[in-house]
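Notes for the one structure printed next.
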Amino acid sequence: MTDILRTEELKIYYGQNEAVKGVDLTFTENSVTALIGPSGCGKSTFLRALNRMNDEIPGSRMTGNIWIDGKNINAPDTDVTVLRQNIGMVWQRPNPFYKSIYANIAFGPKYHGVRNKAELDNIVEDSLRKAALWDEVKDRLHTSALSLSGGQQQRLCIARALSVQPKILLLDEPASALDPVSTAKIEETILQLKEQLCIVIVTHNMQQAARISGHTAYFYMGRLVEYDKTEKIFTNPSDPMTQEYISGRFG
Amino acid sequence: MKANHETPPFMKANQETPLLFRKHRAEEWIGRIYTTFCVALLIVIIVSIVYFVASKGVSTFAVNGVSLSGFLFGQNWQPDSDKFGALPFIFGSFVTSLLAAVIASPLSVCAALFMTEITPNWGKKVLQPVVELLAGIPSVVYGFIGLSVLVPFLRSVFPGQGIGVAAGSIVLSIMILPTITSIATDALASLPRNLKEASYGLGATRWQTISGVVIPTVLPSILTGVVLGMARAFGEALAVQMVIGNAPHIPSSLFESASTLTSVITLNMSNTVMGSVQNNALWSMALILLLMTFVFVLVVRLLERRTKI
């Protein structure tokens, strides 16, 4: 498996506060990596750094390197629009646009130059199929996305992220606002997407991390404490702090 | 289970408790009676104003025998020879307030975007109070400034006397800027941040995000602001009257004198005798203003319903 994304000495500051204190991590193609750790440990901040989403937060700064395709994207001349097309993101709370289901998916491709109606139709169907939502919404593509249930909305957001053909997908606690049935569907979708994408998922749900990820990284107080195969982390972690966290003794 | 209304034994021992209950009950009732009274007073005032204006306004047609269509569509306003064509004023009111909205809306929306999207901190701390200050300036001041600055400017640049529809519309547009701006600012500020992030996350630029997500999402609220602004422009009398020229005819250009319903009422009310047909005709115009206000309120309500999808 080839490496696709690597961070080196990544430090992220909010004003004076150092939220991520130098993290080195490598992500490979066709894999799911889970980022776990207690609230405020910097895992979400780290995730948001990977597509430079922290740029949108006033007062945030970042040092260190993020390598993708041999380019350091933490450089001033990086075109974040191209970067974000390559690195899709799904948030904790479903955030569909106040538009139709179709318009939600077609939004990204339109801005990246797809004008042809047939081509857009294809992208919409393809993205919805990948997110396992097509069969549920194919007859009402032009109704409001807000008429969908929470779980459907979240899968719509996944489909929307896939619409611009990213190579990497960042998921920020994608199932934490959903019921168990919807969660199971999202996890199933993630496992299918793994065949084509590199997926990085932040989760508070340890069972979820164990179920879907190949590798797990444990964050604590802005540092990467341990990174290993998920199996190893959950059965025989080398760091006592990881052991305490995964066994539920704190966090 | 059947409800038990007996006082539990542990409370019976305490003599203070029942008193305490009674005291609070009295407070509850006093509050209730007081608020009910206030609401009732408000309703009585509103109903009597509507009734008064309506009865006076209708009597022009019912008692004095002026024809309704002649009033609404007649172009000849000569109260002394019993000609009551109010179309020029209705036209003037609509044109000035529409033009004011057309001038003010883009400016207001862009100002609101600047305050919320481009410089959120500075916008909230400095610009928003300034805009609110603008809303507090009395209308006579706007009219005065319009008369002494805007009218001479228009006179030197465009044909005509400077006073007229253009001057009235511009003064009105400045007056309604704060209304539209502050409503648009509130709407933009209340937009969930993750909606914008979703757009950025797909690789959209800031302007693509603003035009593709931000504006469409808050459009109903912005339109509410525009309608409220128009309502204010429609009802404004003094500032318009000072710069519009007050000629009772339909103007053929923007730089020609005209009149609005409000300016005619303020100019003529002291020259007519209560109960006379001339006076009643003014009430009919007031009735039109009132009805238009209802229409504006109705439109705002409809827009608000659309916001809550």
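From first to last, the protein sequence lines stand for chains X and W. In this text, residue positions in the first sequence follow our numbering: the first is 1, and each later residue adds one. In this text, residue positions in the second sequence follow our numbering: the first is 1, and each later residue adds one. Virtual Cβ for every residue (Gly too), placed ideally from N, Cα, C.
Buried or exposed (CB count within 10 angstroms, at least 16 for buried), residue i
i	result
M115 of chain W	buried
L302 of chain W	exposed
I137 of chain W	exposed
T235 of chain X	exposed
E119 of chain X	exposed
W207 of chain W	exposed
T35 of chain W	exposed
V32 of chain X	buried
G113 of chain X	exposed
M53 of chain X	buried
K125 of chain W	exposed
H215 of chain X	buried
N104 of chain X	buried
F71 of chain W	buried
Segment limits, beta strand (DSSP E) that includes residue i
i	result
N271 of chain W	N271 of chain W -> no beta strand (DSSP E), and no H or E assigned at all.
R223 of chain X	R223 to K229
S31 of chain X	S31 to I36
N17 of chain X	N17 to T28
F219 of chain X	H215 to Y220
M175 of chain W	Premise fails: M175 of chain W lies in the alpha helix (DSSP H), V165 to A189, not in any beta strand (DSSP E).
M115 of chain W	Counting along the chain, M115 of chain W falls outside any beta strand (DSSP E), and DSSP gives it neither H nor E.
S202 of chain X	This sequence places Val at residue 202 of chain X; Ser is not what is there. C198 to V202 is the extent of the beta strand (DSSP E) around V202 of chain X.
S81 of chain W	No beta strand (DSSP E) contains S81 of chain W, which DSSP labels as neither H nor E.
W343 of chain W	Outside the modelled stretch of chain W, which goes from 1 to 309, sits residue 343 of chain W, for which no answer is possible.
N65 of chain X	S60 to I68
I253 of chain X	Because chain X here runs from 1 to 251, residue 253 of chain X falls outside it and cannot be looked at.
L169 of chain X	I168 to D172
M89 of chain X	I87 to V90
Residues that residue i contacts on chain X, provided the C-beta gap is smaller than 7 Å
i	result
V214 of chain W	The premise fails here: V214 of chain W is roughly 10 Å from chain X at the closest Cβ pair, so nothing lies under 7 Å.
Chain X residues whose Cβ lies nearer than 9 Å to that of residue i
i	result
L195 of chain W	N95, P96, F97 and Y98
Through-space distance from residue j to residue i, alpha-carbon basis
i	j	result
K43 of chain X	G222 of chain X	8 Å
V264 of chain W	W283 of chain W	11 Å
P166 of chain X	V149 of chain W	58 Å
G245 of chain W	A286 of chain W	20 Å
Q92 of chain X	G248 of chain X	22 Å
T189 of chain X	A132 of chain X	7 Å
W375 of chain W	C38 of chain W	Only positions 1 to 309 of chain W appear in this structure, which leaves residue 375 of chain W out of reach.
R193 of chain W	L261 of chain W	44 Å
S199 of chain W	R155 of chain X	16 Å
S67 of chain W	G92 of chain W	21 Å
D80 of chain W	M269 of chain W	14 Å
I233 of chain X	L50 of chain X	23 Å
T63 of chain X	Q152 of chain X	37 Å
K83 of chain W	F94 of chain W	22 Å
R129 of chain X	T217 of chain W	27 Å
A135 of chain W	S173 of chain W	12 Å
D79 of chain X	K71 of chain X	12 Å
Y227 of chain X	L171 of chain X	18 Å
E256 of chain W	G168 of chain W	11 Å
N95 of chain X	E187 of chain X	18 Å
F296 of chain W	C110 of chain W	23 Å
A175 of chain X	V300 of chain W	38 Å
L197 of chain X	A161 of chain X	12 Å
Residue i Cβ short of 6 Å to the ligand ATP heavy atom set
i	result
L47 of chain X	Among the components of this structure there are no ligands whatsoever, and the ligand ATP is therefore not found.
Where the alpha helix (DSSP H) through residue i begins and ends
i	result
M230 of chain W	I215 to G235
K110 of chain X	I101 to Y111
D121 of chain X	K117 to K130
N194 of chain W	R193 to G201
D135 of chain X	W134 to V137
M53 of chain X	First-last for M53 of chain X: undefined, no H or E at that position.
Y245 of chain X	P240 to I246
R140 of chain X	It is not in any alpha helix (DSSP H) - R140 of chain X carries neither H nor E in the DSSP assignment.
P129 of chain W	Q128 to G136
Interface residues of chain X facing residue i [CB-CB closer than 8 Å]
i	result
T217 of chain W	F97 and Y98
P359 of chain W	Nothing about residue 359 of chain W can be read from this structure; chain W reaches only from 1 to 309.
Cross-chain neighbours of residue i in chain W, by beta carbon under 8 Å
i	result
H112 of chain X	G203
G51 of chain X	Note on identity: in this sequence residue 51 of chain X is Asn, with Gly being the wrong assignment. The contacting residues are G201.
Under 9 Å from the C-beta of residue i: neighbouring residues of chain W
i	result
W91 of chain X	N194, E197, A198 and G201
Residues that residue i contacts on chain W, provided the C-beta gap is smaller than 7 Å
i	result
F107 of chain X	L202 and G212
Against chain X, which members of the region 197-209 of chain W pass a CB distance test of less than 7 Å? E197, A198, Y200, G201, L202, G203, A204, T205 and Q208
Residues of the region 78-89 of chain X in Cβ contact with chain W at a cutoff of 8 Å, in chain order, please. V80, T81, V82, L83, R84, Q85, G88 and M89
Closer than 8 Å, Cβ to any Cβ of chain W: which residues of the region 115-147 of chain X, in chain order? S144 and L146
Residues of the region 26-57 of chain X with Cβ closer than 8 Å to any Cβ of chain W, in chain order: N51, M53 and E56
Where the region 147-178 of chain X meets chain W: residues whose CB sits under 8 Å from a CB there: C157, R160, A161, S163 and V164
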